[in-house]
Structure formats: C-alpha cells, structure tokens
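Structure record follows, encoded as structure tokens.
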Amino acid sequence: MLIAIAAVGITVFCLTLWYSLTVARMRNLPTWRRYLPLTLLLIALGASLLRPLDMPQIANAIAFPLNLTAIVLALREIRIQRGRNRVGPPLG
15 MLIAIAAVGI TVFCLTLWYS LTVARMRNLP TWRRYLPLTL LLIALGASLL RPLDMPQIAN
75 AIAFPLNLTA IVLALREIRI QRGRNRVGPP LG
C-alpha cells in the first residue's frame, strides 16, 4: 500500500513539474501567468518540508491542494494556447 501511495505522489509531482515548466516556456503569456503554476509548485514543496518538523496537518492542508491547483492552471493555459494555435493568426 505504501508503494502505491508513493507512486501516486511521484506521479502527481512529475505531472505538476512537467506542466508548470511547459507553461513557463510560453513566451506570449504575461510573466505572472507564466510562472504562477511553478510558484504554486514551489510553495507546495515548501509546505511538504513541514512534515519532518512535526507539522503534517499544515502540510496536508496546503501541499496537495496547491499541487492540484498548479496542474489545473497549467492545463488551462496549455489548452488556451492550443486553441489559439488552431485558429491561427488574425487576418489583416
């Protein structure tokens, strides 16, 4: 059971990192929107570091929701970007 939980955690972390870095490379977004998912990921990692300091309640309440928020925001930006690329540049 512990291996399954660790596998899910590693998968969520890798997805969050991948999507956050993908959004950070999008040059046509404002800077704050490019780095928001990556910032949320770093805050979640910082919150996860509270676990060894005997504060797991704070880490549980902050880390996983921030990771999910980072994934959702990154996926939203990626889908918007793909929609813009599909439509093409404006004529005229």
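Numbering (the numbering used here), first residue to last: 15 to 106.
For each residue, glycine too, the CB sits at the ideal point set by N, CA and C.
A straight line joining the alpha-carbon of V37 with that of L56 spans about 15 Å.
By the criterion of a C-beta distance shorter than 6 Å, L54 is surrounded in its chain by L80, T83, A84, once the five residues flanking it on both sides are discounted. Within its own chain, the residues whose Cβ lies closer than 8 Å to the Cβ of Y33, once the five positions on either side in sequence are excluded, are P51, A84, I85, A88, L89, I92, listed in chain order. Setting aside the 5 residues that flank it on each side, A77 is surrounded in the same chain by A58, A61, S62, each with a C-beta closer than 6 Å to its C-beta; the list follows chain order. The beta-carbon separation of M15 and Q95, rounded to 39 Å, does not stay under the 8 Å limit for a contact. Here the alpha carbon of T30 sits roughly 15 Å from the alpha carbon of A20.
Residues A61, S62, L64, R65 of the same chain have their beta carbon placed closer than 6 Å to that of A73, with the five preceding and five following residues left out of the count.
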